[in-house]
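S.K.: Please find one structure pasted underneath; my questions will follow.
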Amino acid sequence: MTESKDNNLLNRKPKKIERNQQIEPSSSFSRDKIFTTSTIESNKRTIEKKAEKTTTIRLSYRNKDRLNALVNTKGLVSVDEVLDILLDEHESTLTSDEKRELRTMISIYEKKR
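Here is the structure:
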């Protein structure tokens, strides 16, 4: 009896899923309806860069989540863009001596590569 039961289980054909009509949502999500922000085109950065080599960095999950949230809320392409903007803003607050020291350190790190 068990042999015929096992044999029957192996020879069963799978049930087919019946497809119904496509369901359309009653309302759709729009960021314009949630947030009221004014977009200024002059603030948007459209920097065209050549393809650069990439690397990885270690950071906490908290910072990873914060960076990804910034990418999504600002409508940017990558985390690299967010970091580029944040670093540019921070560098603009440096004194001329600090900027010179920063450029020197950057050139040292670039030569190490």
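The sequence shown begins at 1 in full-length UniProt numbering and counts up one residue at a time.
Think of the CB as a built atom: it goes at the ideal place given N, C-alpha and C, for glycine as much as any other residue.
Quick caveat: nothing in here was measured; it's all calculated off a predicted structure.
Can you give the Cα-Cα distance for Arg-113 and Thr-73, rounded to whole angstroms?
M.R.: Within the sequence shown, numbered from 1, the residue matching residue 113 stands at position 113. Within the sequence shown, numbered from 1, the residue matching residue 73 stands at position 73. Each residue's Cα considered, the two are about 33 Å apart.
S.K.: Would you identify the three-state DSSP class for Ser-92, choosing helix, strand or coil?
M.R.: Taking the first residue of the sequence shown as 1, we reach residue 92 at position 92. Helix at Ser-92.
S.K.: Distance, Cα to Cα, Leu-76 vs Leu-83?
M.R.: Looking up residue 76 in the sequence shown gives position 76. Looking up residue 83 in the sequence shown gives position 83. Distance between the alpha carbons of Leu-76 and Leu-83 is about 11 Å.
S.K.: Look at the alpha carbon of Lys-53 and the alpha carbon of Asp-80, and state the distance between them as a whole number of angstroms.
M.R.: Working through the sequence shown from its first residue, we reach residue 53 at position 53. Working through the sequence shown from its first residue, we reach residue 80 at position 80. Using only the alpha carbons, I get a separation of about 12 Å.
S.K.: Where do the ends of the alpha helix (DSSP H) carrying Lys-16 lie?
M.R.: If you number the sequence shown from 1, residue 16 lands on position 16. Careful: Lys-16 lies outside any alpha helix (DSSP H) and carries neither H nor E.
S.K.: Let me know the secondary structure DSSP gives Ile-23 once reduced to three states.
M.R.: Your numbering for residue 23 matches position 23 in the sequence shown. Correct three-state label for Ile-23: coil.
S.K.: Have a look at Ser-42 and Glu-89 and give me their C-alpha separation to the nearest angstrom.
M.R.: Residue numbering aside, residue 42 sits at position 42 when the sequence shown is read from its first letter. Residue numbering aside, residue 89 sits at position 89 when the sequence shown is read from its first letter. The predicted model places Ser-42 with a pLDDT of 49, which falls under 50 and marks its position as unreliable, so this point remains unresolved.
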